[in-house]
Amino acid sequence: MIDLMKKSSCAACIGPFYAVAQCESGVHSMSSRTIRFSAITFAMALGLAIALVGVIRAGAAQPTVGLGTADSFAILAGTTVTNTGPTTISGNVGVSPGSAVTGFPPGTVTNGTIHAADAVAAQAQSDVTTAYNDAAGRTPCTVVGADLSGQTLVPGVYCGGTLGLTGTVTLDAQGNPDAVFIFQGASTLITASGSNVAVINGAQACNVFWEIGSSATLGTNSVFRGTVLALTSVAAQTGASVLGRLLARNGAVTLDTNTVTSPVCAATTATTTTTTTTTTAPTTTTTTAPTT
Numbered sequence: 002m003i004d005l006m007k008k009s010s011c012a013a014c015i016g017p018f019y020a021v022a023q024c025e026s027g028v029h030s031m032s033s034r035t036i037r038f039s040a041i042t043f044a045m046a047l048g049l050a051i052a053l054v055g056v057i058r059a060g061a062a063q064p065t066v067g068l069g070t071a072d073s074f075a076i077l078a079g080t081t082v083t084n085t086g087p088t089t090i091s092g093n094v095g096v097s098p099g100s101a102v103t104g105f106p107p108g109t110v111t112n113g114t115i116h117a118a119d120a121v122a123a124q125a126q127s128d129v130t131t132a133y134n135d136a137a138g139r140t141p142c143t144v145v146g147a148d149l150s151g152q153t154l155v156p157g158v159y160c161g162g163t164l165g166l167t168g169t170v171t172l173d174a175q176g177n178p179d180a181v182f183i184f185q186g187a188s189t190l191i192t193a194s195g196s197n198v199a200v201i202n203g204a205q206a207c208n209v210f211w212e213i214g215s216s217a218t219l220g221t222n223s224v225f226r227g228t229v230l231a232l233t234s235v236a237a238q239t240g241a242s243v244l245g246r247l248l249a250r251n252g253a254v255t256l257d258t259n260t261v262t263s264p265v266c267a268a269t270t271a272t273t274t275t276t277t278t279t280t281t282a283p284t285t286t287t288t289t290a291p292t293t
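Per the working numbering, residue 2 is the first one in the sequence shown, and the count goes up by one each step.
As structure tokens, then:
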């Protein structure tokens, strides 16, 4: 009876992920081989669970953010559009409900028109509000730090407080030209001088969106890709180039010797496989009765 109680007490010492090699001297021991096997099994299961979570998160494909009539705009502000120097804009330039657009010339607008406080700009601003709310509501999101530099990101939604870029961030579409990248910044977006948003493996600037809860600043001579949807204002510093759109809901868009090109998504070609089935008519056999 005493031995049985000792064995029961010893069994209670053994947990689900570890074992006590000896509860009482001379009563019970577990081989080190069994302990190692249990630890390895648990580690493998934990690693598999983490890997599966990563696959699910990376595989959560997002539809694009619809811009409505704002799609044709490279620049759209709520109060004013101000330019300094020989900025080149490809796409529409607009402002609403404000009316001031200054600095054109020396700035030039190609493949578009300047819309100042007209019905076209007003509708575009309404569509920007819809797009902003859409982008802000996308889930699930992967939380990122304040500096995106040095990272290669797969399609999905990324969120943080203040978003920044001091070097290069690479957006990898993994061979899918329709892959969508959405960045949600609760506060500001600030890119440093010479920073770069790079795209690889089919990623397109037309499918990159930056929803910013305050204002965005693009650094001197930086290279930026994607559509900025800023609640307040957007400033592109000297020499910054943008393949995308700078859309400010309530404030100004400020430019200084920039190149801003409204992006167009490359058409994707669907592959159709046609299967041809050939039917052969059956052979008819005629039997003639013997002559009597």
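Every residue gets a Cβ at the ideal spot worked out from N, C-alpha and C, and that includes glycine.
- For the beta strand (DSSP E) assignment, the uninterrupted runs of no fewer than 3 residues enclosed by the segment 53–99 are, from N- to C-terminal side, 74–78, 81–85, 89–91 and 93–96.
- In this structure the segment 109–126 does not touch the segment 136–152; the number of beta carbon pairs closer than 8 Å is below three.
- Rounded to whole angstroms, the gap between the alpha carbons of residue 110 and residue 81 is 16 Å.
- In this structure, the alpha-carbon of residue 235 lies about 15 Å from that of residue 99.
- In the three-state DSSP reduction, residue 258 falls in the coil class, being neither helix nor strand.
- In the displayed model, residue 126 falls within a helix according to three-state DSSP.
- A direct Cα-Cα distance of roughly 10 Å separates residue 175 from residue 200.
- Looking at 168, 263, 216 and 106, the one whose alpha-carbon comes closest to that of residue 196 is 168.
- In the three-state DSSP reduction, residue 160 falls in the strand class (E or B).
- Contact between residue 266 and residue 208 holds: CB atoms are separated by about 7 Å, below the 8 Å threshold.
- Taking C-beta separations shorter than 7 Å and ignoring five residues to either side along the sequence, the partners of residue 86 in its chain run 107, 257 and 258, following chain order.
- For the pair residue 78 and residue 166, the Cα-to-Cα distance works out to about 23 Å.
- Only exposed fits residue 67, as fewer than 16 other CB atoms lie within 10 angstroms of its CB.
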